[in-house]
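All remarks here apply to the structure that follows.
What follows is the structure, encoded as structure tokens:
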């Protein structure tokens with residue numbers, strides 16, 4: 128290029144620059160002000176842009192096109208991005224501007240005219256988002272950078288709950304502005320760019336299952352007035368929540384489960400009175416002052432499992448009364464030390480109550496509401512509760528899941544539980560010192576049972592044949608560590624959906640019924656050791672089974688070719704193994720249930736199962 132041509136080109140750039148600056152006055156976005164690399168605001172963008180072109184010592188960039196220069200000046204003048212970022216060829220801002228100027232096949236022809244500012248900046252911001260989060264490496268490109276309107280950078284698909292979900296960008300139909308970014312499980316890596324702060328109408332941000340995000344909490348959300356939902360669970364976020372999070376007063380759902388957040392909730396967290404769903408579970412070092420939540424009267428879901436509760440007022444009638452719409456309460460593994468207030472079990476809207484693995488003590492409230500039609504799941508396992516199970520619990524007519532295992536309940540297993548026969552799917556009563564008695568006969572009417580655990584509950588007599596005749600939906604049956612005698616009933620062959628069968632450490636005798644061959648194709652976990660069984664395990668071993676995970680038996684008495692563990696009489700370590708089934712629901716995934724059969728006395732073998740709570 129000769130000197131005359133060069134001077135003419137620079138003069139044209141300056142004319143375009145001056146025109147763009149004049150036209151853009153009054154059209155600048157209301158987002159936060161951004162400074163350039165010299166600390167001078169972008170009102171000096173003309174001089175700085177000229178320096179960018181002239182400076183021979185500046186960063187090496189390719190000869191800019193007119194479209195690129197016009198776009199850069201427009202973005203700098205509107206304070207969308209800094210000149211420093213736009214002149215760095217390795218930055219997502221430069222990559223986005225370069226793509227829009229030189230590769231984008233959309234209908235945006237003039238990238239320098241302020242009349243096009245809203246359309247240009249929205250497309251640019253989403254392109255910066257793409258490059259900042261390593262979009263070229265996303266497993267699903269979601270139509271990003273396609274020659275269509277950026278509101279169509281998405282794909283529509285079904286999710287597990289059967290709903291239609293739009294993955295990617297969703298815009299308001301009337302205004303065309305971005306309403307939602309739904310980007311789960313797509314290998315986002317890096318930090319959210321500050322340019323996203325100019326998407327001022329953004330209501331929902333979902334990026335869960337993105338463990339390579341590199342910031343504690345998205346900084347672009349500071350001062351955001353319209354954000355309603357933040358879903359960043361399973362993102363490996365660390366550090367503390369910023370003080371300004373309490374200023375996001377439009378928030379209705381904050382889902383930060385399974386991260387590495389620590390420190391305390393900021394005091395102004397109490398300002399989030401519009402919250403309906405709060406999931407902070409499995410942030411082991413995060414301290415939660417429950418009094419900050421006391422005025423959140425719209426709360427429907429409160430899940431704080433495995434956090435540190437620091438308030439002296441944890442479970443009391445006043446706190447519970449302040450959440451009149453509460454549907455899910457999970458305070459499991461929070462080191463709670465208190466009794467259970469009656470108001471908690473009488474709450475008119477509470478569907479899920481999970482308080483497992485705490486230090487709750489005392490007896491259960493003897494009276495409940497006349498008929499509780501809301502409560503569906505009650506998990507009080509791994510506590511220090513005492514006394515008898517009140518007959519009033521039969522009034523929980525909507526209950527599908529009842530887990531009282533590993534407590535100190537005494538007396539009899541009440542027949543009143545039969546009143547839940549139409550609804551109950553899961554009944555866990557294991558490891559309680561109940562009065563010795565046979566397996567309760569009322570259970571034969573609970574034909575909807577899917578999981579039944581009576582392990583270590585002083586059951587005597589024989590295994591009744593009606594288990595295999597009437598409880599045909601069972602996938603888990605745990606009768607281990609009792610005093611059951613007699614033969615294994617052949618009727619168990621009717622349990623063709625059975626995945627876990629635990630009969631270990633009883634006084635069973637005889638052989639393994641040949642008819643049990645019908646369940647080997649579903650059976651994953653089988654424990655038979657510690658009995659007086661003899662013969663061949665062929666009925667459960669012969670033939671190929673793709674589901675088989677772990678089998679155990681007594682080697683001296685049973686020939687078991689498919690057993691993973693064979694206990695001989697002289698091996699006390701093997702014979703003294705205490706197997707337990709832990710079943711921990713995971714609420715943020717929609718009632719997913721994880722089975723963990725493992726050794727409660729320090730053994731190393733563990734098997735994971737998963738399934739949905741019906």
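In my numbering, the protein residues as written are 128 to 741. The beta-carbon is built from N, C-alpha and C at its ideal position, and this holds for glycine as well.
Per-residue DSSP class, three states only, for residue i
{"i": "residue 285", "result": "strand"}
{"i": "residue 398", "result": "helix"}
{"i": "residue 172", "result": "Here the model assigns residue 172 a pLDDT of 43, short of 50, so the residue's position is not dependable, and the following value carries that caveat. Helix at residue 172."}
{"i": "residue 387", "result": "strand"}
{"i": "residue 220", "result": "helix"}
{"i": "residue 268", "result": "coil"}
{"i": "residue 634", "result": "strand"}
{"i": "residue 600", "result": "coil"}
{"i": "residue 666", "result": "helix"}
{"i": "residue 447", "result": "helix"}
{"i": "residue 423", "result": "coil"}
{"i": "residue 409", "result": "coil"}
{"i": "residue 488", "result": "strand"}
{"i": "residue 629", "result": "strand"}
{"i": "residue 212", "result": "helix"}
{"i": "residue 374", "result": "helix"}
{"i": "residue 365", "result": "strand"}
Cβ-based burial, residue i [other Cβ within 10 Å; buried from 16]
{"i": "residue 249", "result": "buried"}
{"i": "residue 680", "result": "buried"}
{"i": "residue 190", "result": "exposed"}
{"i": "residue 206", "result": "buried"}
{"i": "residue 581", "result": "buried"}
{"i": "residue 678", "result": "buried"}
{"i": "residue 309", "result": "buried"}
Boundaries of the beta strand (DSSP E) in which residue i is found, first to last residue
{"i": "residue 506", "result": "504-506"}
{"i": "residue 298", "result": "291-298"}
{"i": "residue 694", "result": "692-694"}
{"i": "residue 329", "result": "No beta strand (DSSP E) contains residue 329, which DSSP labels as neither H nor E."}
{"i": "residue 622", "result": "Premise fails: residue 622 is in no beta strand (DSSP E) and is neither H nor E."}
{"i": "residue 679", "result": "677-681"}
{"i": "residue 381", "result": "380-382"}
{"i": "residue 652", "result": "652-654"}
{"i": "residue 553", "result": "553-555"}
Check whether residue i and residue j have beta carbons under 8 Å apart
{"i": "residue 743", "j": "residue 361", "result": "There is no way to answer for residue 743, as the model of the chain reaches only from 128 to 741."}
{"i": "residue 685", "j": "residue 664", "result": "yes"}
{"i": "residue 632", "j": "residue 607", "result": "yes"}
{"i": "residue 474", "j": "residue 455", "result": "no"}
{"i": "residue 280", "j": "residue 253", "result": "yes"}
{"i": "residue 743", "j": "residue 569", "result": "The requested residue 743 does not occur in the structure, where the chain is confined to residues 128 to 741."}
{"i": "residue 503", "j": "residue 476", "result": "no"}
{"i": "residue 244", "j": "residue 213", "result": "no"}
{"i": "residue 564", "j": "residue 605", "result": "no"}
{"i": "residue 392", "j": "residue 419", "result": "yes"}
{"i": "residue 238", "j": "residue 194", "result": "yes"}
{"i": "residue 667", "j": "residue 654", "result": "no"}
{"i": "residue 266", "j": "residue 333", "result": "no"}
{"i": "residue 471", "j": "residue 485", "result": "no"}
{"i": "residue 413", "j": "residue 388", "result": "yes"}
Segment limits, alpha helix (DSSP H) that includes residue i
{"i": "residue 472", "result": "469-472"}
{"i": "residue 596", "result": "593-597"}
{"i": "residue 252", "result": "244-259"}
{"i": "residue 195", "result": "193-204"}
Top-ranked residue by Cα proximity to residue i, from the options
{"i": "residue 620", "options": "445, 594, 630 and 609", "result": "594"}
{"i": "residue 203", "options": "230, 247 and 358", "result": "247"}
{"i": "residue 461", "options": "527, 349 and 416", "result": "416"}
{"i": "residue 552", "options": "282, 599 and 274", "result": "599"}
{"i": "residue 371", "options": "395, 391 and 358", "result": "395"}
{"i": "residue 635", "options": "650, 616 and 653", "result": "616"}
{"i": "residue 511", "options": "535, 517, 584 and 426", "result": "535"}
{"i": "residue 652", "options": "673, 338, 641 and 642", "result": "673"}
{"i": "residue 562", "options": "571, 591 and 609", "result": "609"}
{"i": "residue 487", "options": "574, 531, 449 and 656", "result": "531"}
{"i": "residue 676", "options": "627, 452, 265 and 367", "result": "627"}
{"i": "residue 602", "options": "458, 210, 577 and 331", "result": "577"}
{"i": "residue 670", "options": "654, 643 and 276", "result": "643"}
{"i": "residue 268", "options": "368, 241, 292 and 296", "result": "296"}
{"i": "residue 223", "options": "443, 260, 240 and 591", "result": "260"}
{"i": "residue 330", "options": "378, 340 and 294", "result": "378"}
{"i": "residue 469", "options": "484, 445 and 326", "result": "445"}
{"i": "residue 637", "options": "271, 659 and 490", "result": "659"}
{"i": "residue 506", "options": "262, 482 and 513", "result": "482"}
Proximity test, residue i beta-carbon vs the ligand SAM heavy atom, cut-off 7 Å
{"i": "residue 590", "result": "Within the structure as shown, the ligand SAM is missing, as the structure has no ligands at all."}
Cβ of residue i within 8 Å of any chain B Cβ
{"i": "residue 208", "result": "No chain B is part of this structure, which consists of one protein chain only."}
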